[in-house]
Amino acid sequence: MKPATIEAAGHHEVPANCRNCGAAVSSHYCPECGQETRLHVPSLAEFVHEFIGHYVAVEGRLWGTLVRLLFRPGALTAEYLAGRRRRYVEPLRLYLSMSILFFALMKLSGAELARFDSKPDGDKPAVGQQHAGKRDGPVIGGAEKLPDDMPHHTTLPAPLERLAPGFRQSLDNFDRMSVEQKSEILRTGFYRYAPYVMFCLMPLFALYLKLLYLGSGRRYGEHVLFALHTNAFAFAVLAAFIYLPESFLKFVMFCWLVLYLPWAMKRVYGKSRWGTAWRWLLLFGLHGLSLALGVVAALALGVAFAH
1 MKPATIEAAG HHEVPANCRN CGAAVSSHYC PECGQETRLH VPSLAEFVHE FIGHYVAVEG
61 RLWGTLVRLL FRPGALTAEY LAGRRRRYVE PLRLYLSMSI LFFALMKLSG AELARFDSKP
121 DGDKPAVGQQ HAGKRDGPVI GGAEKLPDDM PHHTTLPAPL ERLAPGFRQS LDNFDRMSVE
181 QKSEILRTGF YRYAPYVMFC LMPLFALYLK LLYLGSGRRY GEHVLFALHT NAFAFAVLAA
241 FIYLPESFLK FVMFCWLVLY LPWAMKRVYG KSRWGTAWRW LLLFGLHGLS LALGVVAALA
301 LGVAFAH
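Read in our numbering, the sequence shown has 201 at position 201, and its numbers run on one by one without any break.
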């Protein structure tokens, strides 16, 4: 059987049939599927030209989207609500892209999610062995070590033990693991479930906005749009935070991260400064609590479904 080939770059003969769909052709493009009929092995220059033409010219809306997302709080949401949508990346796609970027960079950075204080003599319990005497406590998210005299199963909040019949057994198994195994379980669980948990928080974030702006006439879908844009911004900035050294630039970015949300709320919802300020404080507190519970839920799911 003759191997499939395409002509060299200098060959200009038009084939009788389209190589893609088989339709009869007589010009440079197939009348049925639109594929070029004169195919040749592309050069490096053609690859570069196609890439630039596709992602800069055709997908030029990406740059307009990023500029408004990163440097003009609320402008992207306002543009979308005004009906100017074709020139920007879709909100859900933007959110998912920034979320994937953040979690990928975080995973590659090797950031420590949980730390367990090992026993002073370096002896680490093996799987299947019960702890004796004082227990190791985890440090999650920079929190202090749990007291040694805490009751059994203090590695995760006790109410989580009642979420499913088998969760207590999972906690027992987790409690008997070595320090390294515990850290790996929590790390794997976080990266497996945290992106889904964060995404599920978007409707809750929008619900907070709906309650805070009751009587404004805004529909729930508008609040969801705002939630997607502002959280996409947060993912983008936090992704940069991972690799930035401690510097004045990092401090400036932190200030921008904090001030971005109230600025965006003022532009989109149009309330007074005081009206925006108290709503922002409530939203900040409610969403912060939701994020904390979401992270705990992701870790708990990692423990529950660990093998």
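Quick reminder that beta carbons are idealized off the backbone N, C-alpha and C, glycines included.
For residue i, tell me which candidate among the options has the shortest Cα-Cα distance.
i	options	result
R267	A75, T65, H28, L69	A75
R61	A78, L212, P73, R84	R84
L70	L286, L259, A292, R168	L259
I100	L283, L211, A239	A239
T65	Y95, Y88, S170	Y88
M202	K271, A232, K182	A232
A304	F254, L186, S216, F205	L186
H229	E79, P91, S27	P91
D175	A16, A306, N17, G217	A306
L81	R218, F103, K182, E32	R218
P262	V295, F254, R273, G110	R273
L211	W280, G189, C255	W280
Below 6 Å CB to CB, which residues in the same chain sit around residue i once its five sequence neighbours on both sides are set aside?
i	result
G141	Confidence is the limiting factor: at G141 the pLDDT is only 43, short of 50, which leaves the residue's position unreliable, though a coordinate-based value still follows. Result list for G141: empty, nothing under 6 Å.
Using 10 angstroms around the beta-carbon of residue i, count the other beta-carbons present and answer buried if the total reaches 16, otherwise exposed.
i	result
L289	exposed
C30	buried
G34	exposed
E246	exposed
V67	exposed
L244	exposed
V197	buried
C18	buried
V270	Here residue 270 turns out to be Gly, not Val, going by the sequence shown. G270 comes out exposed.
Leaving out the 5 sequence neighbours to the left and right, which residues in its chain are closer than 7 Å to residue i when beta-carbon positions are compared?
i	result
M98	A232, F235, A236
A206	Y220, H223, V224, A227
G215	none
F102	F235, L238, A239
Here's a check: name, in chain order, each residue in its chain whose Cβ is nearer than 8 Å to the Cβ of residue i, leaving out the five neighbours to either side.
i	result
A78	R267, V268
Between residue i and residue j, which are expected to be in contact by the criterion C-beta below 8 Å, what is the C-beta distance as a whole number of angstroms?
i	j	result
L299	L209	That belief does not hold up - the Cβ atoms of L299 and L209 are roughly 27 Å apart, past 8 Å.
Y193	L105	Going by Cβ atoms, the distance from Y193 to L105 rounds to 18 Å, so no, they are not a contact pair.
K107	Y191	6 Å
P73	A264	4 Å
Report the residue ranges of all alpha helix (DSSP H) runs contained in full by the region 239-270; include only those spanning at least 4 residues, in chain order.
-> 248-269
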